[in-house]
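Enquirer:
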Amino acid sequence: MSDKIKEIGPVALLGSVTAALYGLLFHFEREILQITGQGGWTFLIPIAIAFVLSYTHGNFTAGFWDLLGIKAKK
7 MSDKIKEIGP VALLGSVTAA LYGLLFHFER EILQITGQGG WTFLIPIAIA FVLSYTHGNF
67 TAGFWDLLGI KAKK
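Sequential numbering from 7 applies to the sequence shown in this note's numbering.
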């Protein structure tokens, strides 16, 4: 049981970071759209945001399912 307790911290941290990133994305939606609409290399901003959100959300989800004991078939 102590192994699962040790895993809760990183999973909770990743969940909190993911929630904060989504909150920031929705809060600054208009500003992001204005900046990316200016042309040039600004189109990379939403791509970078998507990669960061995907990374944090994916790691959170993997840890969450591991805590529940659900594993994929091999």
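Cβ coordinates follow ideal geometry from the N, Cα and C atoms, glycine included. If you're wondering where the values come from, they're calculated on a predicted model, not measured in any experiment.
Once you ignore the five residues that flank L59 on each side, which residues in its own chain have a CB closer than 8 Å to its CB?
Expert: T24, L27, Y28 and L31
Enquirer: Going straight from the alpha carbon of I38 to that of P52, what length do you get?
Expert: 8 Å
Enquirer: Would you tell me roughly how many angstroms separate the C-alpha atoms of L19 and K10, rounded to the nearest one?
Expert: 15 Å
Enquirer: Please state whether DSSP places G75 in a helix, a strand or coil.
Expert: DSSP, read as helix, strand or coil, puts G75 in coil.
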